[in-house]
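S.K.:
Residue numbers (our numbering): 23 to 139.
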């Protein structure tokens, strides 16, 4: 519980981004937190079914696949990697989007692809 008069002390909005499955068969998402009185956001890796926060310290920006994998590794959760069909970067299979005969990571996924998939 924060002090309403102190900026950044109270969560005023939570947004759960794309839900994905990890190697342990559980569902996770990136939760974006908006705080009172500040423009900055924070992001956490959260278990969807039990609301468990896996991140010890929030990310200041939407986390990369490597950052998500690092958090999973700390919790002994196996991850699988694929390759983005556009930029050829390693991407987490759990967060990748199926596109035609390959995978696209959050690195290259945009509205144009979303509507043509």
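Ideal placement from N, C-alpha and C gives every residue a C-beta, glycine not left out.
Could you check whether the stretch 118-129 touches the stretch 51-69, counting it as contact only if at least three pairs of C-beta atoms, one from each stretch, sit closer than 8 Å?
M.R.: Too few Cβ pairs lie closer than 8 Å, so no.
S.K.: Determine the direct distance from the alpha carbon of residue 90 to that of residue 114, and round the result to whole angstroms.
M.R.: Along the chain shown, one-based indexing puts residue 114 at 92. Along the chain shown, one-based indexing puts residue 90 at 68. Each residue's Cα considered, the two are about 8 Å apart.
S.K.: For residue 50 and residue 69, which I take to be in contact (beta-carbon distance under 8 Å), what is that distance rounded to the nearest angstrom?
M.R.: Within the chain shown, residue 50 is the residue found at index 28, counting from 1. Within the chain shown, residue 69 is the residue found at index 47, counting from 1. So it is a contact: roughly 6 Å between Cβ atoms.
S.K.: Among 56, 125, 131, 136, which one has its Cα closest to the Cα of residue 105?
M.R.: Looking up residue 105 in the chain shown gives position 83. The residue with the shortest Cα to Cα distance from residue 105 is 125.
S.K.: My guess is that residue 36 and residue 55 are in contact by the Cβ rule of under 8 Å, so how many angstroms apart are they, rounded?
M.R.: Counting from one through the chain shown, the residue named residue 36 turns up at place 14. Counting from one through the chain shown, the residue named residue 55 turns up at place 33. Approximately 6 Å separates the beta-carbon atoms of residue 36 and residue 55; this is inside 8 Å, confirming the contact.
S.K.: Look at residue 77 and residue 57 and say whether their C-beta atoms are less than 9 Å apart.
M.R.: Taking the chain shown and counting its residues from 1, one reaches residue 77 at position 55. Taking the chain shown and counting its residues from 1, one reaches residue 57 at position 35. Going by C-beta atoms, residue 77 is not nearer than 9 Å to residue 57.
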